[in-house]
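Colleague: Residue numbers for the sequence shown follow numbering that gives the first Met the number 0, so the first one is 0 and each next one is one higher.
Where a beta carbon is used, it is the ideal one built from N, C-alpha and C, also for glycine.
Owing to the predicted nature of the structure, the values given are computational and were not obtained by experimental measurement.
The structure follows.
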Amino acid sequence: MDYVKREKDLAWEPHPFLPIQIKLLLTRKTDQADLTCFLVKIQRGQEIPEHVHETQEDIIFLLSGKGKMWIEGIGDFEIEKGMFIRVPKNTKHRIYNVTEEILNYDLFIPPLF
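As structure tokens, this is what we get:
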């Protein structure tokens, strides 16, 4: 369990069930944390299909990039650098129409993995 990590020392790896790349920052498995925190990279033209986290809040902060997002009950909207997005648990959502590679910080409470 590391208390300090450098992003540059972490490897990109495939997400366990979505077609994206992630860098794990904090997990229950490796850090005994009560949340999961990672960086997400979504390439231009790629998308995250509609899905739901039945027990987790999904907190997203966009560090760079542009695209569109859909959240059940809200609808479609443009996403870009500097946006903070909260997806409540058990709420369908997706990211699509990525026109500039997206890099975002993603936090799940309770832990996703």
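1. Just to confirm before moving on: does the CB-CB distance between I124 and F37 stay below 8 Å?
2. Taking just the CA atoms, how far does P110 sit from N89?
3. Which term fits H50, buried or exposed, when burial requires 16 or more other beta carbons within 10 angstroms of its beta carbon?
4. Please report the straight-line C-alpha distance between K4 and L25, rounded to a whole angstrom.
5. Between K91, V97 and F60, which has its C-alpha nearest K80's C-alpha?
6. When DSSP labels each residue in this structure, what does R85 get in the three-state scheme?
7. What does the alpha-carbon distance come out to for the pair K91 and I73?
8. Roughly how many angstroms separate the alpha carbons of I78 and E12, rounded to a whole number?
9. The beta strand (DSSP E) that contains D105, what's its start and end?
Modeller: Looking at the coordinates:
1. Because the chain in this structure spans residues 0 to 112, residue 124 falls outside the shown range and cannot be described.
2. When rounded, the distance between both Cα atoms is 14 Å.
3. Looking at its Cβ environment, which holds fewer than 16 other Cβ atoms inside 10 Å, H50 is exposed.
4. Whole-angstrom Cα-Cα distance: 9 Å.
5. Nearest Cα to K80 within the set K91, V97 and F60: F60.
6. Strand at R85.
7. For the pair K91 and I73, the Cα-to-Cα distance works out to about 10 Å.
8. Cα-Cα distance, rounded: 24 Å.
9. DSSP places D105 in the uninterrupted beta strand (DSSP E) bounded by H92 to I108.
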